[in-house]
Amino acid sequence: MKFDMIGAGALGLLFGGKFAASGQEVRFWTRTHEQAALLVKEGIMLQEGEGCSPVRISDLTVYSLQEGASRIEAEAHTPADWIMLATKQRHIDNELAKALEPLVGQDTKILCFQNGIGHAEFLSQVFPETPIYAVITTEGAKRIDSYQVIRSGKGLTSIGQVKSGGSRKSLSLKNAVEKLIDTFETAGFCALLSKDIDREIYRKLLINSVINPLTAIWRISNGELLETEERRTLLQQLCQEAAAIYSARNIPFEGDAYDVVAEVCRSTASNMSSMLKDVLQGVPTEIDYINGRLVEMAKLSGVSVPGHEMMWRLVRGLQT
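Last residue of the sequence shown: 1068 in this note's numbering, with the numbers rising by one and none dropped.
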């Protein structure tokens, strides 16, 4: 199968690297010329866990999105079977959509790895004939620099269709996705096809809306959220507010929200949230697409969510 990996952050390097190492045809698309040149020269240095020796994945095909459509057309580009969109959600905009246009063929499908919500709807408007799938993964990945990544924890990857594409036949799509699942497995990932990806998307949204902003504001790891009564009390408030939004909008959520979030905090105790990483690096966060979206949903439903609105404003205030 042929893949276009858009974005070479932690997940892009991890999934794209292991796909390439397993024999798949992968073309990497980076945001900068500098990273593209570095990946061509050095390859990807992939470390399967802390303390393990890294493995070099070389002979990569790498382009920069800055090169635009002219480079693609000049090389007689053949569209990929799957576009794996592993950029930050804030980068999914009209500029990126324009860069993707020459990559999208008649049989291309798009895989989205983003945390928040709203991007699938945007992509559906831009590419109405293209099937769009969401990827929910608990894989842990930590990028050391532009070409080195550590697989910090093996997890489960769920894939499900969020939007059908035009008149595509369901049988051909079903076969394509089953082949994709096999490709994930061959590359060394535990993957499955989700029959209710929307449920998983909103489950992840609730978890991220509680853990990410609190860790970003307090500059602490996930597990430290449970260490004091004050932290647990605010954790409980954010869980209750999110659950109230879901109830008002008839969005299903299995289990008690606080228990679910607390268990994630314990199971990922040493992890640093992606939002905290962004804050420490001084780059914009995904707060608008996580807590910001919940605040919008709450207003439309007449639900009061002062905690989430405060999280949204506080994290936005950290950005300069």
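Where is the CB? At the ideal position from N, CA and C, for every residue including glycine.
Keep in mind the model is a prediction, meaning the values are calculated, not measured.
- Within the same chain, Cβ atoms closer than 7 Å to the Cβ of Gln985 are found at Gly1055, the five residues on either side in sequence being excluded.
- By the criterion of at least three beta-carbon pairs nearer than 8 Å, the segment 1012-1024 is in contact with the segment 961-968.
- Per the DSSP secondary-structure output, Gln783 pairs with nothing in a beta bridge.
- The segment 862-902 contains, as complete beta strand (DSSP E) runs of 3+ residues, the segments 880-885, 888-891, 896-901 (chain order).
- Taking a C-beta distance under 7 Å as the contact criterion, Met753 and Gln896 do not qualify as a contact pair.
- Looking at the backbone, the Cα of Ala1010 and that of Lys789 are separated by about 43 Å.
- For Lys836, there is no enclosing alpha helix (DSSP H), as DSSP marks it with neither H nor E.
- Between Glu1034 and Val1043, the CB-CB gap reaches or exceeds 7 Å.
- Annotated three-state conformation of Asp1036 is helix, per DSSP.
- The beta carbons of Gly757 and Arg891 sit about 6 Å from each other, so the pair counts as a contact at 8 Å.
- As the crow flies, the alpha-carbon of Asp893 is around 34 Å from that of Lys911.
- With a minimum length of 3 residues, the unbroken runs of beta strand (DSSP E) contained wholly in the segment 749-804 fall at 750-754, 773-778, 792-795.
- Shown here for Met1059: same chain residues with a beta carbon closer than 6 Å to its own, the five before and five after excluded, namely Pro961, Asn1039 in chain order.
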